[in-house]
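Enquirer: Input: one structure, supplied below.
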Amino acid sequence: MRNIGFAVVGCGTVSGYGHLPAIEALEGAKLVAVVDIDQERLKEVVKKYPQARPFTDYREALRLGEVDVVVVATLPSSHAEITLDSLRADKHVLVEKPPAMNVQECEAIVREAERVGRLCAVDFDLRYHPAFFQIREQYRKGRIGKLRAMRIIFDWYGADHRDPKRGREERLMREGSIMFGEGIHFIDMVRWITGSEFGKICCVGTNIQGYANPDHMVLISVMEDGTIVNIETSHGYGFASKDATMDRQVDLIGQYGVIKWTAEKGLIRVYGRDRTVEMDAPDVKKFVPLYKDLLESVREGKIAPNLPTIYDGYQALKVVEEADRVVTRIGFRNH
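Once you know that position 237 of the sequence shown is 244 in the working numbering, the rest is easy, because the numbers rise by one and skip nothing.
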């Protein structure tokens, strides 16, 4: 069986720790091409992955017959254009979140993927995070009965004054709000765990670091199945403090109990009706399982059950767009 060929467009931070090592580690996958507009960065990538052909223009990589899948890991403002060009070149696509700058762009991707009959997946990699995968499993097993409420808090300091990658963070914050750049992960997670869609949305935000877009936001909604949802996400949480600090936790509140995960402890506790169960759940991102599902989906022509598609990206982006609209309407404090 022939290897599935990959081209990675955008070789920055996420590709460095996630996409490139996952492709390299996966049996049946071959890294054919790497693309980046930064020639110095491209040279460093090729040193590590000498089998890959380097390009500064992604269109050249699209001409390669050995490329089956294009990974789009650039800044969000270029996601839609590169994704559409890749689909039109008869390639499958894995695009980083958010998949587009707005719902209209995302709708165009959905239509094009359907027209050409190619898979377009979105890198909502938290579906493969050990903690969140286990949380969903425990809930689906009925450990806490019917879900009544869900609370997600992911507050951290982003790229602060201690971080040499602060420039990356500033570029991302210029592209959109924290809900657009980060919170979309948790919107997808809520949809994935509940199997339901968001209803009416209330959202507030503030600006801690002085960006043009809010870097701390709180979203509240009632899902179509009646579950109350609260998502708080921040890149300004203690960003200027002497010591870095974070607050990351997930709570599922059911009719019979609670499933609780805290990143600091790396534990899930299931507080059931009859007993409390504790299990390890380290806070680590997992790209290889996502790529296994992607590879299987490309080979079989059938989407793996947990693989997030462009439709999931579209649904999540609709929620983000409404949250940003609400925050803009009521205003947010810009320091």
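Here a beta-carbon is modelled for each residue, glycine too, at the ideal position from N, C-alpha and C.
Does the Cβ-Cβ distance between Phe205 and Val326 come in under 8 Å?
Expert: Against a cut-off of 8 Å, the Cβ pair of Val326 and Phe205 comes out as a contact.
Enquirer: Go to Ser304, then tell me how far its beta strand (DSSP E) extends in each direction, as first and last residue.
Expert: Premise fails: Ser304 lies in the alpha helix (DSSP H), Val295 to Glu307, not in any beta strand (DSSP E).
Enquirer: Taking its Cβ as the centre, do 16 or more other Cβ atoms sit within 10 Å of Pro312, making it buried, or is it exposed?
Expert: The residue is exposed, with fewer than 16 neighbouring Cβ atoms inside 10 Å.
Enquirer: So the candidates are Arg255, His99 and Arg125; which of them puts its Cα closest to the Cα of Ile159?
Expert: Among Arg255, His99 and Arg125, the Cα nearest to that of Ile159 belongs to Arg255.
Enquirer: In the structure shown, what three-state DSSP assignment does Val291 receive?
Expert: In the structure shown, Val291 sits in coil (DSSP, three-state: anything other than H, G, I, E or B).
Enquirer: Would you list the residues sitting across from Tyr321 in a DSSP beta bridge?
Expert: In DSSP, Tyr321 forms no bridge with anything.
Enquirer: Between Glu51 and Arg60, what straight-line distance do the alpha-carbon atoms span, to the nearest angstrom?
Expert: Straight-line Cα distance between these residues: approximately 13 Å.
Enquirer: Do three or more CB pairs link the stretch 299-310 to the stretch 19-39 at distances below 8 Å?
Expert: In short, these stretches touch, since the Cβ pair count reaches three.
Enquirer: What is the rounded straight-line gap between the Cα of Gly25 and the Cα of His99?
Expert: Taking the straight line from one Cα to the other gives about 19 Å.
Enquirer: Going by DSSP, what residues sit across from Arg60 in a beta bridge?
Expert: Paired residue(s): Ala40.
Enquirer: Could you give the uninterrupted runs of the alpha helix (DSSP H) lying entirely in the stretch 116-145, keeping only those of 4 residues or more?
Expert: Runs found: none.
Enquirer: Quick one: complete beta strand (DSSP E) runs, 3+ long, within the stretch 201-262?
Expert: Whole beta strand (DSSP E) segments, 3+ residues: 205-214, 223-230, 235-241 and 254-261.
Enquirer: Could you check how far apart the C-beta atoms of Thr252 and Gly245 are, in whole angstroms? I think they sit under 8 Å.
Expert: Right, their Cβ atoms sit about 4 Å apart.
Enquirer: What's the gap between the Cα of Gln262 and the Cα of Gly149?
Expert: Whole-angstrom Cα-Cα distance: 10 Å.
Enquirer: Who pairs with Phe161 in a beta bridge, going by DSSP?
Expert: Beta-bridge pairing links Phe161 to Thr240 and Arg255.
Enquirer: From the DSSP output, read off the bridge partner residues of Lys267.
Expert: Asp258 and Arg276, per the DSSP bridge assignment.
Enquirer: Excluding sequence positions up to five away, which residues of its chain have a Cβ less than 6 Å from the Cβ of Ala323?
Expert: These residues qualify, in order along the chain: Ile191, Ile194 and Asp195.
Enquirer: Along the chain, where does the beta strand (DSSP E) that runs through Val76 open and close?
Expert: First-last of the beta strand (DSSP E) with Val76: Val76 to Val79.
Enquirer: Give a yes or no on contact between the stretch 269-284 and the stretch 114-126, applying the rule of three or more CB pairs nearer than 8 Å.
Expert: These segments do not touch.
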